[in-house]
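In this note's numbering, the protein residues as written are 408 to 566.
See the structure below:
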């Protein structure tokens, strides 16, 4: 009986620890410093800052680029999107064709991503859903016409 209780307790501890970090995708490449999710990062793409991207959004729509940005918040359900932030500039980042996810404990890390800027309409229902998935008290995603980055790859530092 004691062994059964110990197994149950170990399983519960293991489950609660893994609930803090959900990893639904394996990296496509990794080394001792980084893990890359999606596809291998194309470092030959033009590098932009998030503020350049937002301030010149109309010029950058539909173009591919790479950007280094801080992850402010990550979807806590699956890691299926994140909020990128540089100073006052905030942009939601989704993943091409819902094809990969990032670890849910990636908040605060400075990542490099390759992607494309799009303009889309977000409904009140979608905004509420995104904000609920962020497990945040503040609203990070607003309804209305917004800019969003659709990433092909995201390179995340290991620590």
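We treat Cβ as the ideally placed atom computed from N, Cα and C, and that holds for glycine.
Secondary structure of residue i, DSSP reduced to three states
i: residue 550; result: coil
i: residue 496; result: strand
i: residue 458; result: helix
i: residue 472; result: strand
i: residue 527; result: strand
i: residue 566; result: coil
i: residue 465; result: helix
i: residue 512; result: coil
i: residue 574; result: For residue 574 there is no data in the structure shown, the boundaries of the chain being 408 and 566.
i: residue 507; result: coil
i: residue 483; result: coil
Beta-ladder partner(s) of residue i, from DSSP
i: residue 561; result: 444, 520
i: residue 488; result: 501
i: residue 436; result: 443
i: residue 430; result: BP columns for residue 430 are empty, so no partner.
i: residue 478; result: 491
i: residue 556; result: 500, 524
CB contact below 7 Å: residue i versus chain B
i: residue 519; result: No chain B appears in this structure, which consists of one protein chain only.
For residue j and residue i, believed in contact at Cβ under 8 Å, the rounded distance
i: residue 538; j: residue 548; result: 6 Å
i: residue 444; j: residue 561; result: 5 Å
i: residue 432; j: residue 507; result: 4 Å
i: residue 438; j: residue 512; result: Actually they do not touch by this definition, with Cβ atoms about 19 Å apart.
Which listed residue (the options) has its alpha carbon closest to that of residue i
i: residue 520; options: 433, 429, 428, 454; result: 454
i: residue 497; options: 437, 428, 535, 464; result: 464
i: residue 527; options: 462, 440, 468; result: 468
i: residue 540; options: 531, 522, 494, 486; result: 486
i: residue 461; options: 536, 495, 448; result: 495
Cβ-Cβ distance between residue i and residue j below 7 Å
i: residue 550; j: residue 502; result: no
i: residue 490; j: residue 499; result: yes
i: residue 483; j: residue 542; result: yes
i: residue 430; j: residue 510; result: yes
i: residue 524; j: residue 556; result: yes
i: residue 481; j: residue 451; result: no
i: residue 474; j: residue 457; result: yes
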